[in-house]
Structures are given as C-alpha cells and as structure tokens.
Amino acid sequence: MRCRKNQATLTAQEKARFVAALLALKANGTYDQYVVMHVNAMSYAHKGPAFFPWHREMLRRMELDLQSVDADVTLPYWDWTVDNSVTSSIWNDDFMGGNGRPSDGKVMSGPFAFDAGNWPQEDGGPLTRRMAQGAPTLPTPTDLANALATVPYDLAPYNWSGSLAGFRNTTEGWRNGPQLHNRVHVWVGGSMNPMTSPNDPVFFLHHCFIDKCWADWQALHPGEPAFLPTNGAAAGQNLNDSMEPWASLGIVVTPASVVDHHALGYAYDTESVCQPTLKFHDDIVVKVIADKGSGLKHIIDSTATLKLSDDRPTLKIYDDAPTLKLVDDGGTLKFSDDGGTVKFVDDGGGTLKFLDDGGTLKALDDVKTPALDIGGEKPITDVVLPGRGEIDPRASGAAGAGGGAPFILVTPHHTMAWAKTFPGALEKAIAQLDLQLASFEGVVAELEKRNATSDASTEEKTQLELHRRELETIREEREALSRYLRE
Ligand code: CU
Ligand code: CU
398 MRCRKNQATL
408 TAQEKARFVA
418 ALLALKANGT
428 YDQYVVMHVN
438 AMSYAHKGPA
448 FFPWHREMLR
458 RMELDLQSVD
468 ADVTLPYWDW
478 TVDNSVTSSI
488 WNDDFMGGNG
498 RPSDGKVMSG
508 PFAFDAGNWP
518 QEDGGPLTRR
528 MAQGAPTLPT
538 PTDLANALAT
548 VPYDLAPYNW
558 SGSLAGFRNT
568 TEGWRNGPQL
578 HNRVHVWVGG
588 SMNPMTSPND
598 PVFFLHHCFI
608 DKCWADWQAL
618 HPGEPAFLPT
628 NGAAAGQNLN
638 DSMEPWASLG
648 IVVTPASVVD
658 HHALGYAYDT
668 ESVCQPTLKF
678 HDDIVVKVIA
688 DKGSGLKHII
698 DSTATLKLSD
708 DRPTLKIYDD
718 APTLKLVDDG
728 GTLKFSDDGG
738 TVKFVDDGGG
748 TLKFLDDGGT
758 LKALDDVKTP
768 ALDIGGEKPI
778 TDVVLPGRGE
788 IDPRASGAAG
798 AGGGAPFILV
808 TPHHTMAWAK
818 TFPGALEKAI
828 AQLDLQLASF
838 EGVVAELEKR
848 NATSDASTEE
858 KTQLELHRRE
868 LETIREEREA
878 LSRYLRE
C-alpha cells in the first residue's frame, strides 16, 4: 500500500523529488497529455456522478507515471481548509512557487515559473495565478465537514443544478456555487480556471484532496452506496458504465472499478493502514519473576534491553533497566515530565498515546540533546491499558501487545512468555492477523483481477508481487502464533 501524504508534512527532500518527477514528465511530453485529457473530458468528467471516479483514475495514472520516474514519489494532497492563504508554505519557491504578478498574473518564482525555463504550458504560454481575486477565501473546515456529512452520494437528475443537495454536487461545488472544489479553482485563478487547469501542477494536489474527500466520505458513511446511480444517469455516469477517454482506447474503467482506492494500491496518511506498526525487540529471554497481586505478572529482564521501535525511522523507545528513554535518531524530539506520572495508553485502534496524570508533559524540540529520559529520578510506574489495570513498566511491551494494537513479537520465546503472562493476548493477536489477512486477500484479489483484465503497468505488477509477499508473511506469522497456542 502506498501512502499519499499531506503536502504540509513533506520533507524538503520529498518536495524536491516530487517537483523533479513533475519536471521530468513535462520534459518528456507525458505531463501535457493530462492537460489534453482533461480538456477533452469536459462533457463527462464534471457536473455529474462520474466527477469523483473520473478524476480518481486520472490522478492514479499520473501517480504511476510519476513513480516511473521516481518510485518513491506519491501524490501529495493540499488541505486548503488549513493551508488557506497566499503565504501558505505550499506556495514557497521550493514547491509550487508563488502567486502571479499583478499586471498579467504571470508566476515569477519557483520551479514552474515560465522564466525558469522548464514549464511552458501545454499552449506554450506562461503559468498564471491570480490568488484570492475570483473568490476571496478558500473553503473552511466547516464547509468541508458539511459536505462530508451530506448523503446520499448523488441525487436525480444527476446534474449540476445549484439546488441538487447530494455529496457529489455539494463537493464539486455547484450547490450555491462556487463552493469547495470549484471555489478552489477560482481562488487560485489564472491557469486553474479554464478546462486546461492541469497546466498548473497544484491541480493534482487539489484533486488529490478531493479524492481523499471521497475516501473519507465512504469511511464516514459505511451504510451508503459509495457511488450512485447504477442507472438512470447519462452514458458514462452510471456505476458500471465505461468512462472515456479510456473506453475508446479499449481500456475498461468504470466508477465501480475505482470505488475502492485501497484496491488501486494507495491510501491516505490519515488512514490506519498508513500508520507504522510497533515492534518489540529483545534479544534476551524474558523472565517472569513475580506476581504483583493484581493477577498480572511482573516481568523483569535481568540485563537485557527491551526496545520498542516503530517502522518509521525516527522514534525509538529504549528501556535500559532503571529508565525508559525515548530517543529520536533525527535529534529533534524531546519529552520531559516535571511531575506526576507519564502513562502509555493504547487506544486499541493501533495508536500508542502518552498521557500525564499530573505535572506537565512537555515535548520539546532540542537538537542539542537528542537523547533524554522520561521520568528522570521518578521512573515511570504506571502503564495503563484499557481493561488491564496497572502493569509494571517493564511489561509495557507485552501489555501493549495485549491492548489490541497490531503488534508483532519478533522472537518466538518471547511470544511464549508473553502469552503465559497475558492470557487471551495470543488469541487476540491471531484475531487481528485474521482481519489483516482478510483485507489483504481482498486487495490481492482485486489487483489480480486488474492485472488479468487490463494491460497492467509494470507498477501494478510490482504492487501485486509486493502484496503477495506481504500476504505470505502475514500467513506465516499467523501459523507461528497458532503453533504456540497449540503447544
Ligand atoms: Cu476536472
Ligand atoms: Cu477540478
């Protein structure tokens, strides 16, 4: 699964690589094909139910093209309800570049400025922007929340009437327009106004957020059909209609075939599938020493170091006997507690949280002191998990695993010790893996279907291979766990 990120969270390097991939596609002529594709899509990509699926397919194709240049790139999204001004960092010179000049709207800074020499528009002219002129403000968080709360997906007669109050028409922005999607085009202005709007690369960041809106809306309304109608709308606008221009090229793309973005191989950074998995490492046998009286046993490892790390490269938790340390190997993160007790809480949804029941928990940015202790002279005494009561801090790894997060114990003998200490935890872990298995099998089946029915790209084939391997790993893990359970 590839994760699309909020552009505001990209590192300087991620921005540079995204820009470089765009420039490469511009240079080899691929980019301009998307401008033409969008111009020709006037009649069937807008003002109707196919608005979301059509743009999803367009963006996915662009993303695969970008990845053919740089495999690590994914499309970033622009949350314009937050980064909502002419001075937001999205417009910095290392990314999208700035506003146009007052006289003619010509963008003068950044990688896409005409005078920088790499970005003639599809028509040969310069990129233009006239921000905050056609519309004074961008849509607000309330505007977005209202749209996401709107059901059903679309309503008859499935057009762009200003009074049509379904999710699609509201979010596309025709209802009391221009709102939401339309308003963003108008707010940026210049090149973003006409049907050639993909001339401005911010088009893809804007539409990536629109695509995320559809995904978020589906997650918010699991009881609603993700797309409507199945019939009754114009050709190309019904659930199983082939969409142009792909139909004419002999490629079958229907709204139904793109309804599930996970099946297309990507997710958004706000989804749990894009959150890192916590892992527990310990190279020495964990000994069960004493029963604390609470029914939970007290694990002490004599000399070993219990490590928790997530699979992002930054945050690590080390227990070196008396102190629990959080170390950021980027040298930027510091937690300190000036009183009370720091608690780790697993919300069961895969998020490990830090809570402080007194004093103040501080998170400081201190590049001079990359390593620090939590608790200092008052070592952490409580690890609190829902339904588990208090557990000794050295058991935090095992306790976390019992809390329901998708934790994986990496060494077999620890799994055994852990299972004995926390009855039922192993069964929980297996149930979790079963869920993962089911969702992965679904994704693989979808990818296999795509590979069989369309001329799949190399990227799609790689994706399938990757998913198959991941599926195999999960199966092995499950097998190992149930073996321990039987023993
Ligand atoms: Cu469009
Ligand atoms: Cu648009």
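Here the sequence shown stands for residues 398 to 884, numbered as in my numbering.
Heads up, the beta-carbon is just placed ideally off N, CA and C, and yes, glycines get one too.
Keep in mind it's a predicted model, so treat the numbers as computed, not measured.
- Judged by the Cβ position, histidine 618 fails to qualify as a neighbour of ligand 1 at the 7 Å threshold, every heavy atom of the ligand being at least this far.
- Arginine 401: member of the beta strand (DSSP E) spanning 399-401, first to last residue.
- Three or more pairs of CB atoms, one per stretch, sit closer than 8 Å, so the segment 584-602 contacts the segment 427-442.
- The C-beta separation of phenylalanine 600 from methionine 589 comes to about 7 Å, placing the pair in contact by the 8 Å criterion.
- In this structure, the C-beta of alanine 442 approaches ligand 1 to less than 7 Å from one of its heavy atoms.
- The beta carbons of threonine 471 and arginine 414 sit about 10 Å from each other, so the pair does not count as a contact at 8 Å.
- By the Cβ-count criterion, glutamate 876 is exposed, with fewer than 16 other Cβ atoms from all chains shown falling within 10 Å of its own Cβ.
- With respect to the C-alpha of asparagine 848, the residue from Gly662, Leu830, Arg880, Asn628 having the closest C-alpha is Gly662.
- The bridge partners DSSP lists for threonine 525 are Lys503.
- Each residue's CA atom was taken as its position, placing glutamate 845 and leucine 861 some 7 Å apart.
- Here lysine 609 is not near tyrosine 550, since their CB atoms are 8 Å or more apart.
- Counting C-beta pairs with one atom in each stretch, the segment 451-468 and the segment 525-532 have fewer than three that are closer than 8 Å, which means they do not touch.
- Cα atoms of leucine 834 and leucine 863: separation of roughly 14 Å, rounded to the nearest angstrom.
- The beta carbon of threonine 534 sits closer than 8 Å to the beta carbons of Asn481, Trp584 from its chain, once the five residues preceding and following it are set aside; these are given in chain order.
- In this structure, glutamine 634 sits away from glycine 502, with a CB-CB distance that is not shorter than 8 Å.
- Look at glycine 839 here: in three-state DSSP terms it is helix.
- Annotation for histidine 435 indicates a beta carbon within 7 Å of some heavy atom of ligand 1.
- In this chain, tyrosine 428 is not harboured by any beta strand (DSSP E); it is covered by the alpha helix (DSSP H) spanning 427-436.
- Beyond the five residues adjoining it in sequence on each side, isoleucine 871 comes within less than 7 Å, by CB distance, of Leu830, Gln833, Leu834, Phe837 in the same chain, given in chain order.
- In this structure, the CA atom of glycine 494 is about 17 Å from the CA atom of asparagine 403.
- Within the same chain, Cβ atoms closer than 7 Å to the Cβ of arginine 399 are found at Thr471, Gly662, Tyr663, the five residues on either side in sequence being excluded.
- Between the alpha carbons of methionine 505 and glycine 586 lies a gap of roughly 15 Å.
- Tyrosine 665 has Arg401 as its beta-bridge partners, per DSSP.
- Ranking Gly647, Arg866, Val841 by CA distance to the CA of aspartate 852 puts Gly647 first.
- Looking at the DSSP output, glycine 497 sits in a beta bridge with Val504.
- Using a 10 angstroms sphere on the CB of asparagine 496, the tally of other CB atoms reaches 16 or more, which defines it as buried.
- The C-alpha of arginine 580 is placed about 11 Å away from the C-alpha of arginine 572.
- Considered as a whole, the segment 417-491 harbours no complete run of any beta strand (DSSP E) with no fewer than 3 residues.
- Distance from the C-beta of histidine 582 to the nearest heavy atom of ligand 2 is below 7 Å.
- Taking one beta carbon from each stretch, the segment 476-490 and the segment 548-565 have fewer than 3 pairs nearer than 8 Å; the two do not touch.
- Threonine 667 has its alpha-carbon roughly 34 Å from the corresponding atom of alanine 632.
- Bounds of the alpha helix (DSSP H) holding histidine 603 are 599-617.
- Closer than 7 Å to some heavy atom of ligand 1: that does not describe the Cβ of histidine 658.
- Between the beta-carbon of threonine 651 and that of serine 639 there is about 6 Å, and that keeps the pair under the 8 Å contact cut.
- The beta carbon of serine 594 sits closer than 7 Å to at least one heavy atom of ligand 2.
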